[in-house]
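Just so you know, we're using numbering that gives the first Met the number 0 here: the sequence shown kicks off at 0 and counts up by one. From the three backbone atoms N, C-alpha and C, an ideal C-beta is built for every residue, glycine too. Input: a single structure, listed below in structure tokens.
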Amino acid sequence: MTTATISLDHYLTLLEMSAESAGRTMAQQVVRTGRFIHPGDPMGSLLAHAWEVDRKLPVFGMKAFLRALRTSLDEGEVESPNVDEVLESLPLAINTARFNEVDMDVLIADLRRDLPTWFDTTE
């Protein structure tokens, strides 16, 4: 596989844009099925890759995911899952065999601690 080096600013932009897309896609699934199961494998992969780059980065992806999910569901007048529901479902979204460096308990604890700094978790 060929790799490329990009700046952290570009990486964060790609992470946030991809996470927003995953949030909009998940909102469509929630509207179709009437329920939230987990953030989805693409979002799980985004978080795991971000974790491998720097443990502080997944919060930026989750913030963008939640913002897009909530915004999209508000437009359709469907109830959005709360932050705890999303965080508790993360183990279903991340393939720990593929991303064996990711410590799920630490990732979830980090997100639970850092999200209120960047995102209104009271909704």
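Beta-carbon proximity of residue i to residue j, cut-off 8 Å
i, j, result
"S88", "A26", "no"
"D40", "A92", "yes"
"G60", "L45", "yes"
"A49", "P57", "yes"
"V101", "A47", "yes"
"A96", "E19", "no"
"D109", "R54", "yes"
Distance between beta carbons of residue j and residue i, contact taken as under 8 Å
i, j, result
"V82", "L114", "6 Å"
Residue i versus residue j: straight-line alpha-carbon distance, rounded
i, j, result
"R34", "P80", "9 Å"
"R112", "M16", "23 Å"
"V30", "L11", "28 Å"
"R69", "L13", "20 Å"
"M42", "I36", "13 Å"
"T2", "V52", "14 Å"
"K62", "Q28", "19 Å"
"T4", "T32", "40 Å"
"E74", "L65", "14 Å"
DSSP-derived helix/strand/coil call for residue i
i, result
"F59", "helix"
"T12", "helix"
"F35", "coil"
"D83", "helix"
"I107", "helix"
"S88", "coil"
"T2", "coil"
"T24", "helix"
"E74", "helix"
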